[in-house]
Structures are given as structure tokens and as C-alpha cells.
Amino acid sequence: MKRKTSKAFVYLGASSIHGLGCFADIDIKKDELVRVWDGKDSRFIPVARAHASPQVHLIKRFGIRTARGYWVPLDFLRISTGWYMNHAAEPNIGSDDGDVTYYALRDIEAGEELTMDYRLMDEDYDNLDRDEVVPAAARPKSRRRR
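If you're matching positions, the sequence shown starts at -10 in our numbering and goes up one per residue.
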């Protein structure tokens, strides 16, 4: 499905979920692409290297945990707004690729916090406990392996 890109910008604000969060500056229509990061501002750090790093506290706080390591910002001094995206069991944005391309699962109002389901970011590691039910609208489409 070809999706239209929203003209919305994402800004940081106080979150009722956890500290800071990402918010839409204008209304976003269901199925519009939402630009929260471009994927060029991250790097992968294997678990052993991450845990031995002097920045381990930042890696664990901001990193996206996978079975083999963490995806973290290239530079902790310049972090895209998307790194502040909070989790929700019923998120308002989802991803077709499970990575950096996000779209609105429903209409989102200006000023509303944007949330994603962290459990869908990696096939091997869910970043949260598995006791929460993943809403059908947020489930990733099955991926074919070659």
C-alpha cells in the first residue's frame, strides 16, 4: 500500500506515560506516514560490548534491545525525537517494516502523544513482558524468509 506522508512534525513534551514523549504538531490522518526518525542516526552494539561500555547506562536507557544487542543513537548528544517514543499496548502508530517507517493506526489529533508497541520492534526480543496482549491493528504483517 502506498501511503501519503503526513506534514506533521514531531516535538518533545512532558509525557503522562514516562518522562518525555513525542507529540504531533498537527492532526495526522489514519494510514499517513509519520516521520519520527530516518534510520541513519542509529548503530548496533553487541550485548558484550554494550555491557562493557562506559555508556552502558545510556545504552540501556535509550537502546532498543534485541536478542543480540542494542540499537542505539549514533551520538547520545544528538538524538532524533523518535528515540523518545513511548510504549503503549494500544499504540497510535505502527510499522510495516518493524524499523523506521511508521504510520498512523488511527486519526491522531494535534498535541496527542505518539506511541508505538515496543514488543513489535524485534522478532526475537520483545523489549517488554509478554503478558500484554498485542492489539490486532498493531501486529506486524508476517514476513517471508528466503
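All residues carry an ideal CB built from backbone N, CA and C; glycine is no exception.
Predicted model only: the values in this text are computed from it and were never measured.
Point to revise | Straight-line Cα distance separating F(-2) from D64 | key: Taking the first residue of the sequence shown as 1, we reach residue 64 at position 75. Taking the first residue of the sequence shown as 1, we reach residue -2 at position 9. Roughly 22 Å separates the two Cα atoms.
Point to revise | L66 burial status per 10 Å Cβ neighbour count (16 or more: buried) | key: Against the sequence shown, residue 66 aligns to sequence position 77. Exposure of L66 is indicated by the presence of fewer than 16 other C-beta atoms within 10 angstroms of its C-beta.
Review point. Should the stretch 42 to 54 be called in touch with the stretch -9 to 10, which here means at least 3 C-beta pairs below 8 Å?
Key: With a cut-off of 8 Å, the stretch -9 to 10 and the stretch 42 to 54 do not count as touching, because too few Cβ pairs lie within range.
Review point. Any idea which residues DSSP pairs S5 with across the strands?
Key: Locating residue 5 in the sequence shown gives position 16, where the first residue counts as 1. DSSP, once it has assigned bridges, lists no residue as partnering S5.
**Study point:** Stretch pair the stretch 75 to 86 + the stretch 51 to 58: three plus CB contacts closer than 8 Å
**Key:** No, because fewer than three Cβ pairs between the stretch 75 to 86 and the stretch 51 to 58 fall closer than 8 Å, the two stretches do not touch.
Review point. Among T70, W26, S(-5) and C11, which residue has its Cα nearest to the Cα of K18?
Key: Along the sequence shown, read from residue 1 onward, the residue named residue 18 stands at position 29. Of T70, W26, S(-5) and C11, the smallest CA-CA separation from K18 is found for S(-5).
Check your understanding: For I6, does the count of other Cβ atoms within 10 angstroms reach 16, so buried, or fall short, so exposed?
Key -> Taking the sequence shown and counting its residues from 1, one reaches residue 6 at position 17. Exposed, since its Cβ has fewer than 16 Cβ neighbours within 10 Å.
Review point. Taking A39 as the reference, which of D30, K29 and R50 has the closest Cα?
Key: Locating residue 39 in the sequence shown gives position 50, counting from the first residue. It is R50 whose Cα lies nearest to the Cα of A39.
Exercise for review: Go through its chain and collect everything with a Cβ distance to E21's Cβ below 6 Å, but skip five positions before and after it.
Suggested key: Sequence index remark: in the sequence shown, residue 21 carries index 32 (1-based). Same-chain partners within the cutoff: K(-7), S(-5) and A93.
Review point. With respect to 8 Å, is the separation between the Cβ of F33 and the closest non-hydrogen atom of the ligand FAD below this value?
Key: With respect to small molecules bound, the structure shown includes none, and the ligand FAD cannot be examined in it.
Review point. Going by Cα to Cα distance, which pick from A37, K(-9) and A3 is closest to G100?
Key: Along the sequence shown, one-based indexing puts residue 100 at 111. Per the Cα distances, A3.
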